[in-house]
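**Student:**
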Amino acid sequence: MEKSAIAGRSSFFAGIPRALQQALQTPISVSEWLPIGVCFCDRDGVLVQYNRRAAELWGRSPTPGDIRFRYCGAYRAYRSTGEPLPESEAPTNETLRTGRAVRDRDLVIERPDGSRITVLANADPLLDEDGEIVGAVNCFQDISEIKRTEERLSEQDQRLAATYENAAIAISEVDANGRLMRVNETVCAITGYSREELLKLTVFDVTHPDDRELDRDAYSSQASGDRNRYTVEKRLVCKDGRVIWVSIDSAAVRDSAGRFLYGIRVMQDITERKRVDEILRQSERRHRQLIEALPTAIYTTDAQGRMTYYNQAAVDLWGYRPELNSDRWCGSWRLYTPDGKPLPHDQCPMAVALKEDRPIRNAEAVAERPDGTRVPFIPYPTPLHDASGVLIGAVNMLVDITERKQAEARQKLLIEELNHRVKNTLATVQSLNLQTARQVTSFEEFCERMEGRLFALSKAHDQLSQCNWEHADLMKIVTAGLAPYQENDGTRITIKGEPIRLSPKAALTFAMICHELTTNAAKYGALSQPSGRLTIAWVSRECGSGRVLGFSWRESGGPQVTPPTRRGFGTILVERGIRLELGGAASLRFDPPGVSCEIETPLSIGAR
Amino acid sequence: VKAHYTRLKGLRVFVVEDEFAVLLLIEDMLSELECELVGSTSRVAEAIRMLRDCSPDVAVLDVNVAGEPVYPVAEYLAGRDVPVVFSTGYGDGSLGERWRSRPVLQKPYVLDQLAAALLTSIGQQPGVGR
Chain W
1 MEKSAIAGRS SFFAGIPRAL QQALQTPISV SEWLPIGVCF CDRDGVLVQY NRRAAELWGR
61 SPTPGDIRFR YCGAYRAYRS TGEPLPESEA PTNETLRTGR AVRDRDLVIE RPDGSRITVL
121 ANADPLLDED GEIVGAVNCF QDISEIKRTE ERLSEQDQRL AATYENAAIA ISEVDANGRL
181 MRVNETVCAI TGYSREELLK LTVFDVTHPD DRELDRDAYS SQASGDRNRY TVEKRLVCKD
241 GRVIWVSIDS AAVRDSAGRF LYGIRVMQDI TERKRVDEIL RQSERRHRQL IEALPTAIYT
301 TDAQGRMTYY NQAAVDLWGY RPELNSDRWC GSWRLYTPDG KPLPHDQCPM AVALKEDRPI
361 RNAEAVAERP DGTRVPFIPY PTPLHDASGV LIGAVNMLVD ITERKQAEAR QKLLIEELNH
421 RVKNTLATVQ SLNLQTARQV TSFEEFCERM EGRLFALSKA HDQLSQCNWE HADLMKIVTA
481 GLAPYQENDG TRITIKGEPI RLSPKAALTF AMICHELTTN AAKYGALSQP SGRLTIAWVS
541 RECGSGRVLG FSWRESGGPQ VTPPTRRGFG TILVERGIRL ELGGAASLRF DPPGVSCEIE
601 TPLSIGAR
Chain E
609 VKAHYTRLKG LRVFVVEDEF AVLLLIEDML SELECELVGS TSRVAEAIRM LRDCSPDVAV
669 LDVNVAGEPV YPVAEYLAGR DVPVVFSTGY GDGSLGERWR SRPVLQKPYV LDQLAAALLT
729 SIGQQPGVGR
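Those sequence lines, one after another, are chains W and E. Per the working numbering, numbering through the first sequence is continuous, rising by one, with the last residue being 608. Per the working numbering, numbering through the second sequence is continuous, rising by one, with the last residue being 738.
#1: Using a Cβ-Cβ cut-off of 8 Å, state whether A629/E counts as contacting chain W.
#2: Following the continuous beta strand (DSSP E) through P602/W, name the residue where it begins and the one where it ends.
#3: Take T519/W as the anchor and find which of L391/W, L534/W, A506/W has the nearest alpha-carbon.
#4: With a 10 Å radius around its C-beta and 16 neighbouring C-beta atoms as the bar for buried, classify G735/E as buried or exposed.
#5: Is the distance from the Cβ of S663/E to the Cβ of V623/E below 8 Å?
#6: Is the region 322–340 of chain W in contact with the region 350–365 of chain W, if contact means three or more CB pairs nearer than 8 Å?
#7: Ends of the beta strand (DSSP E) at A667/E?
#8: Could you tell me the alpha carbon to alpha carbon distance between A77/W and A167/W, rounded to whole angstroms?
#9: On the premise that E644/E lies in contact with V621/E, defined as a C-beta separation below 8 Å, what is that separation, rounded to the nearest angstrom?
#10: For L432/W and chain E, any beta-carbon pair shorter than 8 Å?
#11: Determine which residues of the region 629–659 of chain E have a Cβ less than 8 Å from any Cβ of chain W, and write them out in chain order.
#12: Determine the extent of the alpha helix (DSSP H) in which Q411/W is found, giving its start and end residues.
#13: Please return the same chain residues whose Cβ sits closer than 6 Å to the Cβ of A511/W, not counting the five positions on each side in sequence.
#14: To the nearest angstrom, report how far apart V422/W and G697/E are at their CA atoms.
#15: What residues from the region 570–596 of chain W come within 8 Å of chain E, judged by C-beta to C-beta, listed N to C?
#16: Give the range of the alpha helix (DSSP H) segment to which V203/W is assigned.
#17: Our contact map puts Q268/W next to V246/W with C-beta atoms below 8 Å; I'd like the distance itself, whole angstroms only.
#18: Sorry if obvious, but does the Cβ on F590/W come closer than 7 Å to a heavy atom of the ligand ATP?
#19: Below 8 Å on the Cβ atoms is my guess for I36/W versus F140/W; work out the distance and round it to an integer in Å.
#20: Can you confirm whether the region 391–399 of chain W touches the region 663–678 of chain E when touching is taken to mean that 3 or more C-beta pairs between the two stretches lie within less than 8 Å?
#21: So, under 8 Å CB-CB, I634/E and E625/E are touching, yes? Tell me the CB distance rounded to an integer number of Å.
#22: Starting from the beta carbon of E416/W, find every residue of chain E whose beta carbon is closer than 8 Å, and list them in chain order.
#23: Residue ranges of each beta strand (DSSP E) run of no fewer than 3 residues wholly in the region 448–531 of chain W, ordered along the chain?
#24: Rounding to the nearest angstrom, what Cα-Cα distance links S431/W and A629/E in this structure?
#25: Can you list, in chain order, the residues of the region 419–431 of chain W whose Cβ is nearer than 9 Å to any Cβ on chain E?
#26: Short check: CB of V693/E to CB of S729/E, under 8 Å?
#27: In this structure, does DSSP put P615/W in helix, strand or coil?
#28: Using only alpha-carbon positions, find the residue among Q406/W, E110/W, Q289/W, N93/W that is nearest to V102/W.
#29: Is W245/W helix, strand or coil by DSSP?
#30: With the cut-off set at 8 Å, would you say P344/W and P379/W are in Cβ contact?
#31: According to the neighbour-count rule (16 or more other Cβ atoms, all chains shown, within 10 Å of its Cβ), is S695/E buried or exposed?
#32: For V206/W versus T186/W, is the C-beta distance shorter than 8 Å?
#33: DSSP three-state label for D42/W, please.
#34: Taking the straight line between their C-alpha atoms, what separation do you get for C447/W and T436/W?
#35: Straight-line CA distance for L57/W to T163/W?
#36: Output needed for Q486/W: all residues of its chain with C-beta closer than 8 Å, excluding positions within five of it in sequence on either side, in chain order.
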């Protein structure tokens, strides 16, 4: 315990003017109990009294009245800013000099042990009855703790302010009307406006006109208390006219009663993000359009096989729009294996690809549409993985192979048909062979006759081939074998007739008949001598449900005709062939002036 | 003519064939086998009409006549227990399921093949033939 200055009061007071003594008497006794340091100086600043707390604060007990201790009992004193305190600035000195009170002076006291405390000093002059200054009193209290707290707070404030200023995101404080009250540097940097300019504006002034209402509505509902916080993406118009995209996070600061004080708005420039987003969106749109435009059915599913996308070609193939995120594995109405057995959707190639996490190739299936039509297709299901290799879904391409299947079927049919024709032709040749063999008397004659018949058949085939074996022109069929016998002036043989399309069967029959008649005419008839004439003519007419062809072959001017003693192949062909093959009728006459042949037969293919 | 062909002698045969030359050939073969041609036509409808008035022992039917399958004729004959022999330019297996067991002649064919087919067909039909 420090030795109290009061102890030596009586002796010490002896040299003190009475007025001062009187002034000291009461306060000092009271001051002993005060939690603040109190000290008294005489007119000259000599320390004459102090209380216990003062000694504690000083860390020592100077001897009262010792002239070495003037104005203050501290070992060392400093300004609050840290410089040594000049004696003239000691509060007691000042108050003695000026006669005025010194208030709330921050000082730093250094104790003999080197520790420092901050004190708040208040000094007052002490006056006698006449108002003369007789001394001074200094009350000082330890405010080190307060100081430290203040410093800490101030440091925090500074840090906050620095954070506020230097934050990479823009922060502004906005009043209930949207007026900017405080903005940081980043707000200026983003908008291009100076702080002074901004503080004259509202947040809506810098907002793009098209986005103004959106933000205004949101902010007013925030200011009115309907919502505490909201986020909005909008466009700003910068000072230089540039339009930028920003994201705003607006939070309300309210007092303890819940009244709106101001809004804190954090703003980020998202122009670049928007630009990248737009590029991505465009890219995705392009890809989507591309896939949409592909004539091949394409769809995707998630890892569970649920539909996530399909294009129009897929809808066309399925004849059905499956439900996205619900229908699974395949969008077809029903599925079958290529041999027609029902194929459950969860066993389809896409399901297998997903369940076994592998692409499926060389599969084939048949989709049935709701309308019952079926489409054979080849699927190409391929699993999709994320960057870490986890299965996230699959893409499938369905290639409609209807046409290929039809082509295969057509091909098969074609080969069968070809086989049929070849076999029938060979059977015909076999028959001609036999008929010719019966008719001739020498091998040479056989060869000649057989060759003639084969070539007649062959030429008719040529005519039919030129028209896809669908029809042949009667004129061409008739003239084919006659060319060698026509005179240069074209008077020997007269052919008159409208264009007639003959069916393949009729074409072959007419070709063979004409060949037989021509051969006969050349050998025995009108074409065997220059005076002979041949007139061929035909007309067609309506008859019942179709057309009927009337065909006539008339020879004249040749040698006198004698009916053959034996019915040759030509005769039989005319008389029976027309009836059997074409359902028509024919007559062959061997009248002496010339051979004539009349044929009447239905045309299964009408005249042109 | 081989000895066992005598079984075919006098056999009444009906022919449906739309190729005239082929019909002539069959006629020749049948006459060589001393069979009797009781009728021939190239149309399905006409064949059935003609068969009402004649009762052949066997019929030789071209599978495809004038673009039409000959099966209605085969059906009509089956209803009257008349055996049939098919002839076709199409390959094996082109015959309808119902008629697979019947003898088939692949065009072109020769006398022996026709005779064998006729014998098979009347053999399949007890009580027919002689």
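Cβ atoms here follow ideal geometry from the backbone N, Cα and C, with glycine treated the same way.
**Tutor:** Taking the structure as given:
#1: yes
#2: 594–603
#3: L534/W
#4: Reliability of the predicted coordinates at G735/E is poor, the pLDDT of 46 falling under 50, and the value obtained from them is presented with this limitation in mind. G735/E comes out exposed.
#5: no
#6: yes
#7: 666–670
#8: Roughly 41 Å between the two C-alpha positions.
#9: 7 Å
#10: yes
#11: Answer set for the region 629–659 of chain E: A629, V630, L631, L632, L633, D636, S648, T649, S650, R651.
#12: 402–439
#13: A456, A460, I477
#14: 8 Å
#15: Taking 8 Å as the cut-off between beta carbons, the residues of the region 570–596 of chain W near chain E are I572, L573, R576, G577, L580, E581, G583, in sequence order.
#16: Unbroken run through V203/W: none, as it is neither H nor E.
#17: 6 Å
#18: Absence of the ligand ATP is noted for the structure shown, with no ligands found whatsoever.
#19: 7 Å
#20: no
#21: 6 Å
#22: Y698, G699, S702
#23: 493–497
#24: So the alpha carbons of these two residues sit roughly 6 Å apart.
#25: N419, H420, R421, V422, K423, N424, T425, L426, A427, T428, V429, Q430, S431
#26: yes
#27: Within the shown structure, residues of chain W are numbered from 1 to 608, placing residue 615/W beyond reach of any answer.
#28: The shortest C-alpha separation from V102/W is found at N93/W.
#29: strand
#30: no
#31: buried
#32: no
#33: strand
#34: 9 Å
#35: 39 Å
#36: R492, I493
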